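Protein chains in written order, with the numbering used here: chain A, 1 to 535; chain B, 536 to 743.
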Ligand SMILES: Cc1cc2nc3c(=O)[nH]c(=O)nc-3n(C[C@H](O)[C@H](O)[C@H](O)COP(=O)(O)OP(=O)(O)OC[C@H]3O[C@@H](n4cnc5c(N)ncnc54)[C@H](O)[C@@H]3O)c2cc1C
């Protein structure tokens, strides 16, 4: 496959989220010819709709892949998850890097711990930027959660965030893209900076598989996705790369490698295994307004104590008391207050039913919906046990697309072990104690009966590690046995972090660049890593 | 367009930036009744008129049906629009088998002949993890629920405007309407510390 018509690049980056855009910028700035292929469309902030209508940005830039026992939500656009995310950006606590899971040995490579990653976290904090937020910047929902935690003898912290609160209007439409550009997506920093350095970004290009060329280069094969009906392919093509950076997200990266296996040769065993949903689980509380007023003294200044679920910008407050390194593994977790818009954010919520039947539909559910503004969503981030495994790849992409946009069926199978189930049960009990036992309302977990567990933080499906048997990447992010293929997205994160993962994904991506430069140099391409900021 | 004669005329809505491609399916009256009865089980509502057989009538405010369940279920954007007619037929068959097995006192020739409690029991069975076709029944339930709680067939601003959309689940949920077409809240929070910070929080506000 060296026909004259095939374009050639030094580096082809697959996916334009944190894992893709950060290396794309540094490599382009260092002089490499870089191409980014992204399966989703590119929208500007003027195109972010405040609407839940089919075909609005809510469905154009979002992706929901239902699996067997686990469903994954993510971005589907240039900028990836950074366009739809909530921009809560805590660093992972020290103990997260020391995790052993059920394997009984350290999961992270010995080269990486919190201390060694801090300089890379610092760089990301400056680039986006990420700020420490004060109580003044906390939403009503975050404030209510803090007050409830305090009443229960717990601490609570405003989350470090990549939202510029001076620009934020608290509209909570950020999952459809932030029209105010208050949320620092990658479209405001790394991506334009990469382009200013000659990097090309192609939207609606879905990579299907890789082949290896005689000289050790790779050819990246893609299809061109229809701009409205993502089920349709409107063309195909391929490009050559000396080095490939795979960053399609933890729900897609291993699938591309699985599909490439017949062409590239055997993949490390850990490709498509050890998937973690970052231990996520959601509970929904329906708060008692008078208890919030009388017991906690909450007052919005207009007679209402709360009734403000809709106001804000996703999760802004978490309780970290159980992030205690002295606790045993699987007993450490965070509980964040969260917001999800109606639709995705309401269907799995359960009411208490008089007939003992399912609470996600019916008359009692309708009644629960009528109190929607008094909801408080609690997001548990426990340590799961990397139980996800991907089945044989679907014909294209990482899912059989069902709807024109948004909805597809993937091959991920997830069966939580007793360790994970017990961790969820512990966190559920904690939420119940803080809210229900204290008289602040009723709380029920989302049902796992319909789409299994669910995650917005897919991790670890192609993970870093020192042990070749249980990790797909060495500590340089290079795929074992396949020189020149680097995986720099959330698939590389070895295990659940007990915090939102983007900051860690971004810091790892920053750290990986020097290693990619080293491989390029070996292939005769001199790229200088300058450690620049994307300004 | 499969506009039910009983429901209000489709409101004038703004065009979405990318309109779904494709045609809506044509449904028989029986299929419409079955799908409406299913949607009404998921989010129950008031009867539209005394002879309304699709809606069980166990609540006195609009439910999924009045909020546009059929419009959503037949929308080509869903990807299930071509299958919903067949699902409706299957639903009626399942209801007959279900009623026969239970020897219900009243004759049951279709799903809509069941009372709300029995409809609810059957929907619970159809969406149970053990049901082989659970995923499909869940999708029908999902899109029916969405008609009520997120109105994906309408611009959200229109769904909240009583002059445009007479029946709206989003309004019933108390979803705040936009001002001049946009959502923005001046005052976002209580503006004061409401808990102690965790000891050992670092300078960036992160856990250690
Ligand atoms: C609703 C929501 C809220 C979130 N909020 C937060 C938060 O507050 N804080 C936080 O830390 N994290 C948050 N996250 C998670 C965060 O978005 C991810 O952890 C992060 O984006 C992961 O980065 P990544 O590079 O691994 O993948 P992504 O950012 O998902 O990027 C992968 C990209 O690859 C593209 N792609 C996939 N397949 C292909 C293919 N075959 N060819 C080409 N391109 C492909 C995708 O379209 C996507 O753009 C949130 C996620 C969601 C869905």
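C-beta: ideal position from N, C-alpha, C; glycine also.
Every value quoted in this text rests on a predicted model; they were computed, and no experiment measured them.
Among the options, nearest to residue i - alpha-carbon criterion
| i | options | result |
| --- | --- | --- |
| residue 301 of chain A | B:668, B:727 and B:658 | B:727 |
| residue 125 of chain A | A:503, A:336, A:70 and A:374 | A:503 |
| residue 392 of chain A | A:68, A:201 and A:8 | A:68 |
| residue 605 of chain B | B:711, B:560 and B:669 | B:560 |
| residue 51 of chain A | A:75, A:342 and A:401 | A:342 |
| residue 571 of chain B | B:592, B:633, B:557 and B:716 | B:592 |
| residue 627 of chain B | B:716, B:564 and B:713 | B:564 |
| residue 256 of chain A | A:374, A:70 and A:206 | A:206 |
| residue 311 of chain A | A:134, A:130, A:144 and A:190 | A:144 |
| residue 258 of chain A | A:404, A:211 and A:436 | A:211 |
| residue 374 of chain A | A:441, A:59 and A:430 | A:441 |
| residue 204 of chain A | A:53, A:472 and A:223 | A:223 |
| residue 588 of chain B | B:599, B:569, B:661 and B:724 | B:569 |
| residue 201 of chain A | A:265, A:22 and A:354 | A:22 |
| residue 664 of chain B | A:456, A:450, A:418 and A:380 | A:450 |
| residue 739 of chain B | A:65, A:157 and A:184 | A:157 |
| residue 242 of chain A | A:213, A:122, A:297 and A:371 | A:213 |
| residue 732 of chain B | A:160, A:319, A:59 and A:232 | A:319 |
| residue 553 of chain A | A:356, A:123 and A:142 | Given a span of 1 to 535 for chain A in the structure shown, any question on residue 553 of chain A remains unanswerable. |
| residue 268 of chain A | A:397, A:453, A:472 and A:478 | A:472 |
| residue 264 of chain A | A:62, A:460, A:244 and A:231 | A:244 |
| residue 199 of chain A | A:35, A:283 and A:185 | A:35 |
Cβ-based neighbour list, residue i, same chain, cut-off 7 Å, excluding 5 preceding and 5 following
| i | result |
| --- | --- |
| residue 505 of chain A | 18, 19, 489, 490 and 493 |
| residue 631 of chain B | 643 and 644 |
| residue 620 of chain B | 560, 562 and 566 |
| residue 467 of chain A | 105 |
| residue 415 of chain A | 69 and 387 |
| residue 286 of chain A | 368, 371, 374, 375, 441 and 442 |
| residue 497 of chain A | 92, 96, 278 and 504 |
| residue 85 of chain A | 502 |
| residue 724 of chain B | none |
| residue 90 of chain A | 159, 160, 499, 500 and 503 |
| residue 299 of chain A | 293 and 305 |
Residues that residue i bridges to, as DSSP identifies them
| i | result |
| --- | --- |
| residue 442 of chain A | A:286 |
| residue 337 of chain A | A:378 |
| residue 413 of chain A | A:68 and A:389 |
| residue 14 of chain A | A:37 and A:246 |
| residue 590 of chain B | BP columns for residue 590 of chain B are empty, so no partner. |
| residue 224 of chain A | A:205 and A:235 |
| residue 158 of chain A | A:317 |
| residue 574 of chain B | Bridge partners of residue 574 of chain B: none, in fact. |
| residue 20 of chain A | Paired residue(s): none; residue 20 of chain A is not in a bridge. |
| residue 63 of chain A | A:74 and A:406 |
| residue 347 of chain A | Residue 347 of chain A pairs with nothing; no bridge assigned. |
| residue 454 of chain A | A:71 |
| residue 241 of chain A | A:9 and A:218 |
| residue 312 of chain A | A:171 |
| residue 485 of chain A | A:244 |
| residue 280 of chain A | A:381 |
Sequence-distant residues of the same chain with beta carbon closer than 6 Å to residue i, five excluded per side
| i | result |
| --- | --- |
| residue 514 of chain A | 529 |
| residue 120 of chain A | 507, 510 and 511 |
| residue 603 of chain B | 682 and 688 |
| residue 164 of chain A | 182 |
| residue 2 of chain A | Low local confidence applies: a pLDDT of 44 at residue 2 of chain A is under 50, so the model's placement there is unreliable, and no value is given. |
| residue 550 of chain B | Bear in mind that a pLDDT of 47 at residue 550 of chain B, under 50, signals an unreliable position, so the model cannot answer this. |
| residue 634 of chain B | 643 |
| residue 33 of chain A | 9 and 10 |
| residue 447 of chain A | 348, 350 and 360 |
| residue 303 of chain A | none |
| residue 547 of chain B | Since pLDDT at residue 547 of chain B reaches only 36, below the 50 mark, its modelled position is unreliable, and no value is offered. |
Close beta carbons around residue i, own chain, < 8 Å, minus the five adjacent residues each side
| i | result |
| --- | --- |
| residue 658 of chain B | 573, 576, 577, 672 and 676 |
| residue 97 of chain A | 108, 112, 113, 114 and 117 |
| residue 596 of chain B | 580, 581 and 707 |
8 Å Cβ cutoff, residue i in contact with chain E
| i | result |
| --- | --- |
| residue 727 of chain B | Looking at the structure shown, chain E is missing, and the protein chains on hand are A and B. |
(request) Kindly provide the ranges of any beta strand (DSSP E) runs that are 3 or more residues long and lie completely inside the region 624 to 702 of chain B, ordered along the chain. (result) none
(request) Counting only runs of 4+ residues fully inside the region 94 to 141 of chain A, write out the alpha helix (DSSP H) ranges in chain order. (result) 114 to 127
(request) Any chance you could list the beta strand (DSSP E) runs of at least 3 consecutive residues sitting entirely within the region 164 to 218 of chain A, in chain order? (result) Complete beta strand (DSSP E) runs here, min 3: 200 to 202 and 205 to 212.
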